[in-house]
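Number of protein chains: 2
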Amino acid sequence: MRRIRITLAYDGTDFHGWQAQPGLPTVQGTVEAAFAEIEGRAVPVAASGRTDAGVHALAQVAAVSLENPIPLPNLRRALNRLLPPSIRILEVEEAEPDFHPRYQAAAKHYEYRVWRSEVCPPFDWRYVHHHPYPLDTERMLALAPLLEGENDFTAFAASDESDRLGGSKVRTIFSSRLALEAEKLVYRVCGSGFLKHMVRNIAGTLLEAGKGNLDAGGLRELLRPGCGRKAGPAAPAKGLFLIRVEYGAGPRVAGTSECSEGPES
Amino acid sequence: MRRIRITLAYDGTDFHGWQAQPGLPTVQGTVEAAFAEIEGRAVPVAASGRTDAGVHALAQVAAVSLENPIPLPNLRRALNRLLPPSIRILEVEEAEPDFHPRYQAAAKHYEYRVWRSEVCPPFDWRYVHHHPYPLDTERMLALAPLLEGENDFTAFAASDESDRLGGSKVRTIFSSRLALEAEKLVYRVCGSGFLKHMVRNIAGTLLEAGKGNLDAGGLRELLRPGCGRKAGPAAPAKGLFLIRVEYGAGPRVAGTSECSEGPES
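Heads up: the protein sequence lines correspond to chains L and U, in order.
Be aware that the first sequence starts at 300, since it is given in this note's numbering, and climbs by one per residue.
Be aware that the second sequence starts at 300, since it is given in this note's numbering, and climbs by one per residue.
This is the structure in structure tokens:
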């Protein structure tokens, strides 16, 4: 049995998220169907994490176990022939037999994109949250780094977040920065792991700050354990991209530096 | 009656081209429906030229005559609210009463995009022709400028091209250049006017040259009046973009310089 590590990109627009659901188009379901075709039987594909309906990925990482001895370049070609153009296999590699893309992930990078000007180009609307209304971007830029470090993100979790990791909602964010790039406001975050809806809730909270509904004190209060309030609302899924997943890095010190440079995303 | 000049961008993927056709989604039909909503009656919208099914536009120019005195910024906003996100009105301006976007166009710029590497990203496949197979790009780069100047493009016209301009298929190309840009091969052409399918036939002919099926002599032969042969085949529509349309420029001298810099496309 071979363990194969896959790096894939997808346009989440037409999928009900990563996780397979009966009767609905999902990324996992579609990728598993392609592998089933190659392997001749159903094979489970595990990812570094689920992405919500409508969320995109530039370099999601997944893994699968195969009997088929097909050479890697042929496997990639076969998969891309079987998959729709909205899902592309970028890389396939042999991995350690125990490789698990979720449990072994050292860091994940996300990007949230907001289109600022009045007209959103017809080629971009699927990939940005269009918000052409006034925002105090200076305040947003100043607040974004306050999320760096180890914090209790209970206020930023989806209300139905299951209690993984013994129920702890403490997570470490290595880097949390906002940038104004031409007509886009781009929020980039890198952390050890994220709760369900956490990045969209952070993006939505920064937007609330931009609208004048939250300041640094309010944000710090949301990060205080047991604060009892909810952050957000969640920013729309279509502005969110999983950019890349890092493996095998040593422990990091939060807030001391930008996330390390990794492979091209 | 006001004459309004419109600059619009569209993703041609889901449209049966510019020209209105009963029962089919077209760009013209969709834009005319939005104007009819604003004006309270049917109003014809004329463009600088038709684009084929699947062809995109970064800055098509069109014109419409309205009674409605709505201020221009409100008109743009109202149109963009009525239109699907795949069509965006970039600019609306008051124009001379006799402004006609087709008859008064001085030059049109097109771009044809070919994706070269094996995997075409899920965010780009609608906007490129994916051709990851070997091509003699040096030859293609060398041949592209041979199309500059005044030539008989009969060999590059669609077989059903109607005989406009007294039947002449002579056109002037001011600039015809190919560039290799990272994983894309981009053909840029600027000319006084183009026959139906002409740019796609030129792109298809350059691809034939890249495959080794045509050399400089063969290309010159296709441009010889009365050669009787057909160029092409036409490259797929989805790689083609109408980039911008120029008005009011004086006469140009073919082949002596790059096309003038115009407004941002």
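Where is the CB? At the ideal position from N, CA and C, for every residue including glycine.
CA-CA distance, residue i and residue j?
| i | j | result |
| --- | --- | --- |
| Glu417(L) | Pro535(L) | 18 angstroms |
| Phe398(U) | Leu506(L) | 44 angstroms |
| Val485(L) | Tyr409(L) | 10 angstroms |
| Ala346(U) | His496(U) | 17 angstroms |
| Ala508(L) | Asp459(L) | 24 angstroms |
| Leu442(L) | Lys537(L) | 23 angstroms |
| Ala356(L) | Ile542(L) | 6 angstroms |
| Glu437(L) | Ala456(L) | 26 angstroms |
| Phe493(U) | Ile386(U) | 23 angstroms |
| Ala319(U) | Gly328(U) | 5 angstroms |
| His315(L) | Pro384(L) | 16 angstroms |
| Arg375(U) | Val391(U) | 6 angstroms |
| Ala358(L) | Gly527(U) | 51 angstroms |
| Glu480(U) | Cys419(U) | 14 angstroms |
| Leu445(U) | Leu518(U) | 8 angstroms |
| Ala515(U) | Leu539(U) | 24 angstroms |
| Gly503(L) | Ala533(L) | 5 angstroms |
| Ala361(U) | Leu477(L) | 38 angstroms |
| Lys407(U) | Thr306(U) | 13 angstroms |
| Val413(L) | Tyr432(L) | 11 angstroms |
| Asp313(U) | Pro324(U) | 8 angstroms |
Can you have a look at residue i and say buried or exposed, based on whether 16 or more other CB atoms are within 10 angstroms of its CB?
| i | result |
| --- | --- |
| Arg380(L) | exposed |
| Gly525(U) | exposed |
| Val469(U) | exposed |
| Tyr411(L) | buried |
| Gly322(L) | exposed |
| Ala308(U) | buried |
| Gly311(L) | buried |
| Asn500(U) | buried |
| Leu464(U) | Note on Leu464(U): pLDDT 49, under 50, position unreliable in the model; no value is reported. |
| Gly511(L) | exposed |
| Pro400(L) | buried |
| Ser474(U) | buried |
| Glu331(L) | buried |
| Leu382(L) | buried |
| Ile303(L) | buried |
| Arg415(U) | buried |
| Ala454(L) | buried |
Could you please give me the residues that DSSP links to residue i through a beta bridge?
| i | result |
| --- | --- |
| Thr312(U) | In DSSP, Thr312(U) forms no bridge with anything. |
| Trp414(U) | His429(U), Lys483(U) |
| Gln572(U) | Outside the shown range of chain U, which is 300 to 564, sits residue 572(U), and nothing can be said about it. |
| Tyr546(L) | Ala404(L) |
| His399(U) | Answer is none; His399(U) lacks a bridge partner. |
| Thr306(L) | Val360(L), Glu390(L) |
| Ile472(U) | Gly448(U), Gly490(U) |
| Leu365(L) | Arg301(L) |
| His355(L) | Phe540(L) |
| Leu477(U) | Tyr486(U) |
Which class does residue i belong to by DSSP, given the choice of helix, strand or coil?
| i | result |
| --- | --- |
| Thr504(U) | helix |
| Glu557(U) | Since pLDDT at Glu557(U) reaches only 46, below the 50 mark, its modelled position is unreliable, and the value read off the structure follows with that caveat. Coil, per DSSP. |
| Lys529(U) | coil |
| Asn450(U) | strand |
| Lys537(L) | helix |
| Thr592(U) | Given a span of 300 to 564 for chain U in the structure shown, any question on residue 592(U) remains unanswerable. |
| Ile337(U) | helix |
| Glu520(L) | helix |
| Leu374(L) | helix |
| Gly322(L) | coil |
| Gly490(U) | strand |
| Ala441(L) | helix |
| Val344(L) | coil |
| Leu434(U) | coil |
| Leu381(U) | helix |
| Ser456(L) | Sequence inspection shows Ala at residue 456(L); the Ser mentioned does not correspond to that position. Looking at Ala456(L) - three-state DSSP - the assignment turns out to be coil, as it is neither helix nor strand. |
Quick one: is the Cβ of residue i within less than 8 angstroms of any heavy atom of the ligand GTP?
| i | result |
| --- | --- |
| Pro370(U) | Looking for the ligand GTP in the displayed structure turns up nothing, as the structure carries no ligands at all. |
Answer with yes or no whether the minimum CB distance from residue i to chain A is below 9 angstroms.
| i | result |
| --- | --- |
| Arg487(U) | Included in the structure are the protein chains L and U, with no chain A among them. |
Could you list the residues in the region 404–416 of chain L with a C-beta less than 7 angstroms from some C-beta on chain U, going in chain order? Residues of the region 404–416 of chain L that bring their beta carbon within less than 7 angstroms of a beta carbon in chain U are absent altogether.
Going along the chain, which residues of the region 302–313 of chain L sit with their C-beta nearer than 8 angstroms to a C-beta in chain U? Answer in chain order: Ala308, Tyr309, Asp310.
Closer than 8 angstroms, Cβ to Cβ, to anything on chain U: give me those residues from the region 379–400 of chain L, in chain order. The region 379–400 of chain L vs chain U, Cβ under 8 angstroms: Asn379, Pro384, Ser385, Ile386, Arg387, Ile388, Leu389.
Interface positions of the region 424–445 of chain L facing chain U (Cβ-Cβ less than 7 angstroms), listed along the chain: Answer set for the region 424–445 of chain L: Trp424, Tyr426.
Please list the residues of the region 465–483 of chain L that have a C-beta atom closer than 8 angstroms to any C-beta atom in chain U, keeping them in chain order. Per Cβ criterion, the list is empty.
Any residues in the region 520–547 of chain L with a beta carbon nearer than 7 angstroms to a beta carbon of chain U? Which ones, in chain order? Across the region 520–547 of chain L, no CB contact with chain U closer than 7 angstroms is found for any residue.
Residues from the region 323–339 of chain U in contact with chain L, defined by Cβ distance under 7 angstroms: Going along the region 323–339 of chain U in chain order, one finds no residue with a Cβ nearer than 7 angstroms to chain L.
Within 9 angstroms of chain U by C-beta, residues of the region 339–350 of chain L in sequence order: Legend: CB atoms of the region 339–350 of chain L lying less than 9 angstroms from CB atoms of chain U are not found in any residue.
Residues from the region 492–504 of chain L in contact with chain U, defined by Cβ distance under 9 angstroms: Listed in sequence order: no entries.
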